[in-house]
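**Student:** Just dropping this structure here.
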Amino acid sequence: LTQQDLAGKTVLVTAGPTREPIDPARFLSNRSSGKMGYAIARAAFRRGAKVILVSGPTALTCPAGVKRLEVQTAQEMYETVLQHSEQADIIIKSAAVADYRPGEQAVHKVKKEEISPALSLVQNPDILLELGRRKKKGQLLIGFAAESRRLREEGEKKLKRKNLDLIAVNNISGENTGFESESNQLLLLSKSRVEQLPLTGKLHTADLLLDRICSL
Ligand code: C5P
Numbered sequence: 181l182t183q184q185d186l187a188g189k190t191v192l193v194t195a196g197p198t199r200e201p202i203d204p205a206r207f208l209s210n211r212s213s214g215k216m217g218y219a220i221a222r223a224a225f226r227r228g229a230k231v232i233l234v235s236g237p238t239a240l241t242c243p244a245g246v247k248r249l250e251v252q253t254a255q256e257m258y259e260t261v262l263q264h265s266e267q268a269d270i271i272i273k274s275a276a277v278a279d280y281r282p283g284e285q286a287v288h289k290v291k292k293e294e295i296s297p298a299l300s301l302v303q304n305p306d307i308l309l310e311l312g313r314r315k316k317k318g319q320l321l322i323g324f325a326a327e328s329r330r331l332r333e334e335g336e337k338k339l340k341r342k343n344l345d346l347i348a349v350n351n352i353s354g355e356n357t358g359f360e361s362e363s364n365q366l367l368l369l370s371k372s373r374v375e376q377l378p379l380t381g382k383l384h385t386a387d388l389l390l391d392r393i394c395s396l
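Heads up: the sequence shown begins at 181 in the UniProt record's numbering, then just goes up one per residue.
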């Protein structure tokens, strides 16, 4: 039996991309598959946690025992996460939230002749930043960062700015890491420690990440 080191804890995990509609047929999104977040949800449940998974659109099935709440847009993810954040002991934000959304959404499909070559975009709320502001005593907040260069510097900046306990930096320019991949190689940064995880499967990566979180 897996060690039940998360028994009695509520873990809130976010996963996948968000979709930001342009019209009823089109949206802006990104390459996130949701695999890392789903692996974390699965691993946390196995270790005894009550797991709430707030997921953007993915092709993945919900891991057994996990309560999944499905959302589409960053705004919906923001609302759903904030509704459940109070009860969470540990929040792991592995979703790739779209930073921007189209300024307005057309009610009807925009015709080819009418499509404006310039989309006007507005900024989405930063969910993690807001969670960092509201963080309760004893609550652990873990962020992800998808970076293609200066991994440690970028990670340290976000750790501080978003008031996180730990950040997992993904190298998205690696061949076997990050978006869509089955494996990952995370750089973990906390205030006091830097740890390079090995290149390994996402479920094993999830367990190594949870090991670190349990030791915080
Ligand atoms: O600043 P950056 O977007 O790189 O930070 C990534 C982290 O912030 C991830 O954990 C992601 O889930 C979270 N995030 C968020 N809301 C946003 C953008 C990012 O929660 N609008």
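We put the beta carbon where it would ideally sit given N, CA and C, even for glycine.
1. Is the beta carbon of serine 209 sitting closer than 8 angstroms to the one on threonine 198?
2. Asparagine 351 and glutamine 365 look like a contact to me (Cβ under 8 angstroms); what is the Cβ gap, rounded to whole Å?
3. Apply the 10 Å Cβ neighbour rule to serine 372 and answer buried if 16 or more other Cβ atoms are within range, or exposed otherwise.
4. Quick check on the burial criterion: 16 or more other C-beta atoms within 10 angstroms. Buried or exposed for arginine 392?
5. In the DSSP assignment, what residue or residues form a beta bridge with serine 328?
6. So what does leucine 249 bridge to, in DSSP terms?
7. Pick helix, strand or coil for residue 400, following the three-state DSSP scheme.
8. Quick check: is any heavy atom of ligand 1 less than 7 angstroms from the C-beta of alanine 229?
9. By alpha-carbon positions, which one of Leu240, Lys340, Met216, Gly188 ends up nearest to threonine 385?
10. Does the distance from the C-beta atom of glutamate 200 to that of alanine 276 stay below 8 angstroms?
11. Quick one: give me the first and last residue of the alpha helix (DSSP H) that isoleucine 220 is part of.
12. When you compare only the Cα positions, how much space is there between aspartate 203 and glycine 228?
13. Rounding to the nearest angstrom, what Cα-Cα distance links leucine 301 and phenylalanine 359 in this structure?
14. Once the 5 residues before and after tyrosine 258 are set aside, which same chain residues still bring their CB inside 8 angstroms of it?
15. Three-state secondary structure (DSSP) at lysine 273?
16. Fully enclosed by the region 260-316, which beta strand (DSSP E) runs are 3 residues long or longer?
17. Would you kindly report the start and end of the unbroken alpha helix (DSSP H) that includes leucine 390?
**Tutor:** For this structure:
1. What you label residue 209 is simply residue 29 of the sequence shown in a count that begins at 1. What you label residue 198 is simply residue 18 of the sequence shown in a count that begins at 1. It is a contact, given that the beta carbons lie within the stated cut-off.
2. Indexing the sequence shown from 1 puts residue 351 at position 171. Indexing the sequence shown from 1 puts residue 365 at position 185. Confirmed, about 7 angstroms.
3. By 1-based counting over the sequence shown, the position of residue 372 is 192. By the 10 Å Cβ count, serine 372 comes out exposed.
4. Along the sequence shown, read from residue 1 onward, the residue named residue 392 stands at position 212. Per the 10 Å Cβ criterion, buried.
5. Taking the sequence shown and counting its residues from 1, the one referred to as residue 328 is at position 148. Serine 328 is not bridged to any residue.
6. Within the sequence shown, residue 249 is the residue found at index 69, counting from 1. Answer is Val234, bridged to leucine 249.
7. Outside the shown range of the chain (181 to 396) lies residue 400, about which nothing can therefore be said.
8. By one-based count along the sequence shown, residue 229 stands at place 49. No, the beta carbon of alanine 229 sits no closer than 7 angstroms to any heavy atom of ligand 1.
9. Here residue 385 is taken as the residue at index 205 of the sequence shown, counted from 1. Here the closest residue by C-alpha is Met216.
10. Taking the first residue of the sequence shown as position 1, residue 200 is located at position 20. Taking the first residue of the sequence shown as position 1, residue 276 is located at position 96. Not in contact: glutamate 200 and alanine 276 (Cβ atoms no closer than 8 angstroms).
11. In the sequence shown, residue 220 corresponds to position 40, counting from 1. Its alpha helix (DSSP H) spans residues 215-226.
12. Here residue 203 corresponds to residue number 23 of the sequence shown, with the count starting at 1. Here residue 228 corresponds to residue number 48 of the sequence shown, with the count starting at 1. The straight-line gap from Cα to Cα measures roughly 42 angstroms.
13. Position 121 of the sequence shown, counting from 1, holds the residue named residue 301. Position 179 of the sequence shown, counting from 1, holds the residue named residue 359. Straight-line Cα distance between these residues: approximately 24 angstroms.
14. Residue mapping note: residue 258 aligns to position 78 of the sequence shown, counting from 1. Cβ neighbours of tyrosine 258 beyond the five flanking positions: Asn304, Pro305, Ile307, Glu310.
15. The sequence position of residue 273 within the sequence shown is 93, counting from 1. Strand.
16. 270-273, 280-282, 301-303
17. As a working mapping, residue 390 is identified with position 210 in the sequence shown. That run of the alpha helix (DSSP H) goes 382-394.
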